[in-house]
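Protein chains: 2
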Amino acid sequence: MVLEETKENLEKMKGYGISEGISEIILTTKNAIDKPEKKYNAAPIGIIWKNNKLFLHLFKGTNTRRNLMTEEYFAANITDDAVLYATSTFYDLEDEHFSTVLVEEKTAANKPIATSSKTAAETTIETAAENIPILKEANRYVIFKCLSKTESDDTTIIDIEPVLFGKIRDEDGGKLINRGFNSVIDACVHMTRYEKTKNPTYIDHIRHHFNLIHRCGRKRDKEGLAILKKRLIEIELENGAEP
Amino acid sequence: MVLEETKENLEKMKGYGISEGISEIILTTKNAIDKPEKKYNAAPIGIIWKNNKLFLHLFKGTNTRRNLMTEEYFAANITDDAVLYATSTFYDLEDEHFSTVLVEEKTAANKPIATSSKTAAETTIETAAENIPILKEANRYVIFKCLSKTESDDTTIIDIEPVLFGKIRDEDGGKLINRGFNSVIDACVHMTRYEKTKNPTYIDHIRHHFNLIHRCGRKRDKEGLAILKKRLIEIELENGAEP
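So the protein sequences, as listed, match chains D and P. The numbers in the first sequence follow this note's numbering, run straight up by one, and end at 243. The numbers in the second sequence follow this note's numbering, run straight up by one, and end at 1243.
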C-alpha cells in the first residue's frame, strides 16, 4: 500500500506515534498456534515507513513472524512504559495485559443469483469482524492490516496499511519513539565530551549513533545528522587530525 | 525548592515534557553579557528531578552557566526537532528563532510610612515583569526560576522551580525525552542480538545503556532495567559463561 509522506499524512501518523523512518512500537497479535493459556503475543518491533511504503521486516524464528504468516491484522501499541518493553522483548506477557478492539471490514461481493429468465449478479456488502488484541497499558494504538508478504531466506517483508486508530489514555499525546531522533540527542552529548576531552573512545559512540540516525531517522533527524557531521569535521580540524 | 514526586506532580510535569530522573530540554536565557546581535542563548541540557529536588548541574565555561549566574529565569523548551538540538549544541541560534513570554512576579513588600503620630508599616504588592526568551519552534515550554546557586571547582548546582507552563503548538502533546527510557529500547535491541549471535561486542553497548538507565531513567525505566539485568544473567548462564 502506498502511504505518501505528505505533510498531512506525516502529521496524522505522528499524532498516533508513527513517523517516517523507523518507529518503535510493541506489536500485538493473536497467537496463530493455539497455546493453552496464551491467546495473545506481544513483542517490540519497528514499523518502517520509507519511500512512501509502510512495512515490517521480520526475522524467521520469531513468534511475531509466525503469527503474521497466518493472521491478517495486528496492533502497533505506542507506549513509553519501559517495563512493557523489557518484559515483552524477553518474556511472554500474560493475557491479563491485553484487551481487544473489534475491526470490521466491509467487502463488496458479486454473487450470482438465479432469476426466472437469466442468471444475473447481485452486489452484496459483507461484513467481517475480528477482535484484535491491544495492550491495556499502552497510550495509543494503530490497527494495521497485512497486505503482500514477501519471503526470502532469513526474513519476511510484509506491506501493511493502517485501518483503525485508537487512544487508550488521554493524558499523553502518544509518544513517538524514533531511535534516529534519540541518537541525535546522544550524539550531541558524546560530541560535546569528545570536543572537550579529545578522548577517541567517544568516536565509537558517535559513529554508532550516526549510523542509527541514518538508518532509523526522520527527514529532520537526517538534517540534524548533516549538521553534526559538519561539526565533527570542524572539531577534527581544530584538533589538527585528519578529518 | 521541594517538588515532591507525587503521582499528581509527576503527571502534571510529564504533560509538559519533564519527568523524574533527567529530562532533556533546550534551555534558553537572555545573554547576561551584551552581545551586539545576540540577545538570547540556547543550549541543550538535562533538568534533573531527584529525591524531590529539581535542579541543574552546570559545567563551568559554558554560556548557560555564565548567563544563569546573573539571570533569574530561564525557559526549558520541549521539542523533538533534531535540527534545533544539533544547531544549539554547537552553534549560536539566531535571534529570529526566539520569541519571549512575560513572567510576572508579585512580591509583598513592607514599606515604612510616616504618619503624624508614629512610624507605621504598610504592605504593598509590587509586580516585577520580565520577558523570557523561548524557542518559537518548540512544542511546549516551562519557565523556571533559579533559587539557590551552589558552586564547586568545576560545576554549579542551581535549584530551580517551575513558575509558568506554556504550549506553543497543539498537534503534539510535548515530547518527553529521557535518555534512560531511550536506553531501555536500545538495550532490548542489543540484548536480542547478543542472545542470537553471542558476539561480545554487544556487551559494551548493553553496559553503556544500563549505565544511562541508572543515571537518567524514571522509576519505571529502572524497573525495566531490573528485568533486563535478570535476563542478561539468564542469557550468560545459557551460554555457559560466568554471569
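We put the beta carbon where it would ideally sit given N, CA and C, even for glycine.
Less than 7 angstroms separating the Cβ of residue i from some heavy atom of the ligand ATP?
i: P/ASN1182; result: Absence of the ligand ATP from the depicted structure is noted, as is the absence of any ligand whatsoever, leaving it without description.
Nearest CA to the CA of residue i: which residue from the options?
i: P/VAL1103; options: P/ASP1159, P/VAL1083 and P/GLY1166; result: P/GLY1166
i: D/PRO162; options: D/HIS205, D/SER183 and D/LEU147; result: D/LEU147
i: P/ASP1080; options: D/ILE233, D/GLU236, D/LYS222 and D/ARG231; result: D/LYS222
i: D/ASN131; options: D/GLU122, D/LYS39 and D/THR6; result: D/LYS39
i: P/TYR1085; options: D/PHE144, D/THR28 and D/SER183; result: D/SER183
i: P/VAL1142; options: P/GLU1126, P/ILE1235, P/GLU1151 and P/LEU1176; result: P/LEU1176
i: P/ILE1048; options: P/GLY1217, P/GLU1238, P/LYS1060 and P/LYS1229; result: P/GLY1217
i: D/LEU232; options: D/THR124, D/SER152 and D/THR192; result: D/THR192
i: D/GLU71; options: D/ARG220, D/ILE33, D/ASP204 and D/SER152; result: D/ILE33
i: P/PHE1098; options: P/LEU1212, P/THR1029, P/LEU1054 and P/HIS1190; result: P/THR1029
i: D/THR62; options: D/LYS229, D/ASP92, D/ILE168 and D/LYS53; result: D/ASP92
i: P/ALA1108; options: P/GLU1122, P/ILE1022 and P/ILE1025; result: P/GLU1122
i: D/THR150; options: D/ASN178, D/HIS209, D/LEU68 and D/LYS229; result: D/LEU68
Are any of the Cβ atoms in chain P nearer than 8 angstroms to that of residue i?
i: D/VAL142; result: no
i: D/VAL2; result: no
i: D/THR79; result: no
i: D/ARG215; result: no
i: D/VAL83; result: yes
i: D/PRO243; result: Low per-residue confidence applies at D/PRO243: pLDDT is 48, beneath 50, and the placement is therefore not dependable, though the value from the model is reported in the following sentence. No, its Cβ sits nowhere closer than 8 angstroms to a Cβ of chain P.
i: D/ALA86; result: yes
i: D/ARG231; result: yes
i: D/ASN262; result: Lying outside 1 to 243, the shown extent of chain D, residue 262 of chain D is not represented and no answer is given.
i: D/THR89; result: yes
Report the partner residues of residue i according to the DSSP bridge assignment.
i: D/PHE165; result: D/VAL142
i: P/TYR1073; result: P/LYS1145
i: D/ASN211; result: D/ASN211 is not bridged to any residue.
i: D/LEU135; result: D/PHE98
i: D/ALA108; result: D/ILE125
i: P/ALA1043; result: P/LEU1027
i: P/HIS1057; result: P/ILE1157
i: P/LYS1050; result: P/LYS1053
i: D/GLY21; result: D/TRP49
i: D/VAL2; result: D/LYS53
i: D/THR150; result: D/ILE157
i: D/ILE233; result: None; D/ILE233 has no bridge partner.
Taking CB distances under 8 angstroms as the criterion, tell me whether residue i reaches chain D.
i: P/ILE1227; result: yes
i: P/ILE1185; result: yes
i: P/ASP1294; result: Coverage of chain P is limited to positions 1001 through 1243, which leaves residue 1294 of chain P absent and any answer about it impossible.
i: P/GLU1096; result: no
i: P/PHE1210; result: no
i: P/ALA1289; result: In this structure chain P extends from 1001 to 1243, so residue 1289 of chain P is not present and cannot be described.
i: P/GLU1223; result: yes
How long is the line joining the alpha carbons of residue i and residue j, rounded to whole angstroms?
i: P/HIS1057; j: P/GLY1046; result: 8 angstroms
i: D/HIS214; j: D/GLY180; result: 7 angstroms
i: P/GLY1017; j: P/GLY1240; result: 43 angstroms
i: D/LYS136; j: P/LEU1010; result: 21 angstroms
i: P/PRO1243; j: D/PHE90; result: In this predicted model, P/PRO1243 has a pLDDT of only 48, less than 50, meaning its place in the structure is not dependable; the value taken from the coordinates is given anyway. Their Cα atoms are separated by approximately 17 angstroms.
i: P/THR1006; j: P/LYS1014; result: 12 angstroms
i: D/ALA82; j: P/GLU1037; result: 44 angstroms
i: P/ILE1160; j: P/PHE1144; result: 6 angstroms
i: D/GLU96; j: P/ASP1186; result: 26 angstroms
i: D/LYS198; j: D/HIS190; result: 11 angstroms
Give the interface partners of residue i over in chain B, defined as CB-CB distance under 8 angstroms, in chain order.
i: D/ARG220; result: Chain labels in this structure do not include chain B; the protein chains are D and P.
**Request:** With 7 angstroms as the limit, tell me which residues of the region 1038-1068 of chain P have their beta carbon closer than that to any beta carbon of chain D; keep them in chain order.
**Result:** Answer set for the region 1038-1068 of chain P: PRO1044.
**Interface positions of the region 1187-1201 of chain P facing chain D (Cβ-Cβ less than 7 angstroms), listed along the chain** = CYS1188 and THR1192
**Asked** Using a beta-carbon distance cut-off of less than 8 angstroms, what residues from the region 1008-1038 of chain P approach chain D?
**Response** GLU1011, LYS1014, GLY1015 and GLU1024
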